[in-house]
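Asks: Structure incoming, see below.
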Amino acid sequence: MVHGREAGYDSRIEGNVVWTTLEAALTWMRKNSLWPMPMGLACCGIELMAAGASRFDIARFGSEVMRFSPRQSDLMIVAGTVTYKMALSVKRIYDQMLEPKWVIAMGACASSGGMYRSYAVLQGIDQLIPVDLYISGCPPRPEALLDGLVRLQRLLEMDPKLWRRPSGVELAA
Numbered sequence: 109m110v111h112g113r114e115a116g117y118d119s120r121i122e123g124n125v126v127w128t129t130l131e132a133a134l135t136w137m138r139k140n141s142l143w144p145m146p147m148g149l150a151c152c153g154i155e156l157m158a159a160g161a162s163r164f165d166i167a168r169f170g171s172e173v174m175r176f177s178p179r180q181s182d183l184m185i186v187a188g189t190v191t192y193k194m195a196l197s198v199k200r201i202y203d204q205m206l207e208p209k210w211v212i213a214m215g216a217c218a219s220s221g222g223m224y225r226s227y228a229v230l231q232g233i234d235q236l237i238p239v240d241l242y243i244s245g246c247p248p249r250p251e252a253l254l255d256g257l258v259r260l261q262r263l264l265e266m267d268p269k270l271w272r273r274p275s276g277v278e279l280a281a
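Per this note's numbering, the sequence shown starts with residue 109, numbered consecutively.
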């Protein structure tokens, strides 16, 4: 008999039967099936597409397919420069996502405006929507995005009620 605490969740396995709580099962499902909504707005969007290709295979980490419908996704990946003209659309898409929802700011432009210190560019997506995870780099490699997904999964496993955090986690490129 294997106890769940040894395996990392609150349950036990006896033969072919798993005994667990509803909360532990929901946490396991949420952690292992993040459905991303890609917002590839600039150069980082190319690296986001590369993460879904066969070489990096984002599907191994539970993000099987990118969902282009906000109502079918629970993870928004903002990859690239967000202008003030685009900000209202990004906010509207975020508001259409159902709870629980998480946001990853991918790249220097999404995190802090990047090299575009201009009147037309939003200096960080966190001024518009709450961000759970920051991935630094210009553009960040697909491996950095995969590492960010794994870190978000660990955060969800440690705190199942992680829906909104006031500040995100910074990742080095």
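The beta carbon of each residue, even a glycine, is placed where N, CA and C say it ideally should be. These numbers were taken from a predicted model, which means no experiment stands behind them.
In three-state terms, what does DSSP make of R249?
Replies: Three-state DSSP puts R249 in coil, outside helix and strand.
Asks: So is V239 in contact with chain D if we call contact Cβ pairs under 8 Å?
Replies: This model lacks chain D altogether; it includes just one protein chain.
Asks: With a cut-off of 8 Å, do at least 3 Cβ pairs link the stretch 206 to 223 to the stretch 244 to 252?
Replies: Contact between the stretch 206 to 223 and the stretch 244 to 252 is present, because at least three Cβ pairs lie under 8 Å.
Asks: Can you find the residues in the same chain that come closer than 6 Å, C-beta to C-beta, to V110, ignoring five residues on each side of it along the sequence?
Replies: With a pLDDT of only 48 at V110, under the threshold of 50, the placement of this residue in the model should not be trusted, and no figure is reported.
Asks: Who are the near neighbours of L156 in its chain, counting only those whose CB is closer than 7 Å to its CB and skipping five residues on each side?
Replies: Taken in chain order, the residues that qualify are P146, G148, I185, A187, M214 and L253.
Asks: What does the Cβ neighbour count give for I233, buried or exposed, with the cut at 16 atoms within 10 Å?
Replies: I233 is buried by the Cβ-count criterion.
Asks: L264 to A132, Cα distance in whole Å?
Replies: Their backbone Cα atoms lie some 11 Å apart in a straight line.
Asks: Between L206, K139 and A195, which has its C-alpha nearest M231's C-alpha?
Replies: For the record, residue 231 in the displayed sequence is Gln; it is not Met. Out of L206, K139 and A195, A195 has the C-alpha closest to the C-alpha of Q231.
Asks: For the beta strand (DSSP E) holding Y242, just list the boundary residues, first then last.
Replies: Element bounds for Y242: L241 to I243.
Asks: In three-state DSSP terms, what is L149?
Replies: It is coil, neither helix nor strand.
Asks: Hey, how far is the Cα of I154 from the Cα of G222?
Replies: One C-alpha to the other measures close to 17 Å.
Asks: Which residues mark the beginning and the end of the beta strand (DSSP E) in which M137 is found?
Replies: Segment L130 to N140 is the alpha helix (DSSP H) holding M137; no beta strand (DSSP E) there.
Asks: Report yes if the CB atom of D182 is closer than 8 Å to the CB atom of W136, and no otherwise.
Replies: Not in contact: D182 and W136 (Cβ atoms no closer than 8 Å).
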